[in-house]
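**Student:** All letters in the sequence shown, in the order written, are residues 11 to 337 by my numbering. All residues carry an ideal CB built from backbone N, CA and C; glycine is no exception. On a predicted model such as this, the values are computed, not experimentally measured, just so you know.
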Amino acid sequence: MLFTEVLNIESKNKNIKNLELINTVFMSYIFYFLSSIIPITFVVLPAPSIILSVKNGMKYGIISFLITMAIIFITGGTIIASVLLLFLLPMIVIMSKMIKDNYSFNKIILVNFFAFIFISVVSYLNLKFALDKDIIVVILNKIDEIIVSLPELVGMIPNLGDTKEVIKLLEDSFNLMKMLLPSIAIIIILTIEYSSLLYSLNGLRKRGVKIKQNFRFINIRVSGVMIIPVILITIILGLCYYFKVPYYSIIIQNVLVIFNFIFIVSGIALVDYYLIGRVNKFVRFIIPLVLISFRLFRGDILYGAIGLIDMFVNFRKRFKRIENEKV
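Here is the structure:
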């Protein structure tokens with residue numbers, strides 16, 4: 011009798027896990043589908059599989075992601091499915107394992123970042139060796155092709171007015187994109203990592219899973235320790251300038267973009283820290299989006315300056331939020 015009850019419980023648990031697996035596949039595909047309409051949803055694509063891995067075991071998370079990629083592959087996303095599988099599956103495995111083993115938030119981000127870089131370098135070298143093609147050159151050539159076709163594309167848009175000005179603006183934007191490809195890639199990697207980890211930790215808490223990591227978006231802050239790497243990078247850039255290293259100006263612009271991004275996010279997190287409990291969550295999301303996107307009140311500079319000052323002042327310690335606010 012007892013043996014039968016144990017079997018029934020095990021069978022019930024297995025059915026629940028299978029249902030959660032199906033739900034995870036559905037959620038992951040929804041995020042992928044929505045990313046074509048709302049691109050920001052793409053950054054949490056690995057999160058459902060990470061949550062499932064921590065809650066029910068690694069094999070369930072891996073299987074759910076493989077099924078999702080198979081669906082994307084079958085529905086025509088052959089290349090995108092292959093790329094996502096190559097880069098996001100290792101992230102799911104590493105992040106799930108480190109969450110379960112109670113590693114700190116920063117260590118999880120750092121390890122995953124270096125894993126991303128390692129996979130990128132290995133993939134780049136393999137593609138170059140196997141196909142005898144430089145993937146970076148291919149991407150740059152594609153951007154050049156878009157720039158060349160801009161007059162034709164812009165000409166197809168009715169009632170646009172002065173097309174020459176529009177074409178010039180677009181050409182400058184694409185040329186800037188070419189120059190900032192390294193920093194754009196790093197920012198995308200960091201955004202996917204932070205967003206997926208924050209979403210996963212929040213999802214695990216809601217499901218009653220006990221986790222050590224207490225990190226939330228409002229906790230993002232550039233520590234004063236960052237002064238050391240900033241000084242080192244400044245010295246390295248100075249040496250690059252002194253020894254006339256090729257593409258010095260491109261290197262420094264990419265470095266500045268990355269640091270600017272980090273301080274902007276830190277500034278947004280600090281402002282959000284004080285708005286919680288006073289302002290609706292949706293409004294808190296929209297405010298920085300509008301200020302930065304439309305450059306209202308020079309939002310990018312404003313948030314960046316707040317993040318930079320906070321590195322030295324640490325406003326959270328000096329000016330506490332009102333307690334008992336819901337985070």
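1) Examine the Cβ distances between the region 44-54 and the region 83-95 and report whether three or more of them are shorter than 8 Å.
2) Hey, out of Lys178, Lys27 and Tyr313, whose CA is closest to lysine 69's CA?
3) If we count Cβ pairs, one from each stretch, closer than 8 Å, do we get three or more for the region 271-291 versus the region 305-321?
4) Out of Asn224, Gly234, Val265 and Lys138, state which residue places its alpha-carbon closest to the alpha-carbon of isoleucine 243.
5) Do serine 74 and serine 38 have their beta-carbon atoms positioned less than 9 Å apart in this structure?
6) Could you work out which residue in Arg308, Leu120, Ile228 and Thr88 is closest to glycine 287 when comparing CA atoms only?
7) What does the alpha-carbon distance come out to for the pair lysine 152 and lysine 143?
8) Between which two residues does the alpha helix (DSSP H) containing aspartate 154 stretch?
9) Taking only three categories from DSSP, how would you classify aspartate 111?
10) Does the region 199-215 come into contact with the region 277-291, if we say contact requires no fewer than three beta-carbon pairs (one atom in each stretch) closer than 8 Å?
11) Anyone know if the C-beta pair for isoleucine 202 and valine 267 falls short of 9 Å?
12) When the Cα of serine 130 is compared with those of Ile157, Leu95 and Asn112, which residue comes out closest?
13) Can you check which of these residues, Leu62, Leu160 and Lys291, is closest to isoleucine 177 by C-alpha distance?
14) What are the boundary residues of the alpha helix (DSSP H) that includes phenylalanine 191?
15) Rounded to whole angstroms, what's the CA-CA distance from glutamate 181 to lysine 330? Just pull it up for me.
16) Tell me the DSSP secondary structure of phenylalanine 325 in three-state form.
**Tutor:** Checking against the coordinates, here is how it stands:
1) no
2) Lys27
3) yes
4) Val265
5) yes
6) Ile228
7) 14 Å
8) 145-165
9) coil
10) no
11) no
12) Leu95
13) Leu160
14) Here residue 191 is leucine; the residue named in the question, phenylalanine, does not match the sequence. Segment 191-216, the alpha helix (DSSP H) holding leucine 191.
15) 47 Å
16) helix
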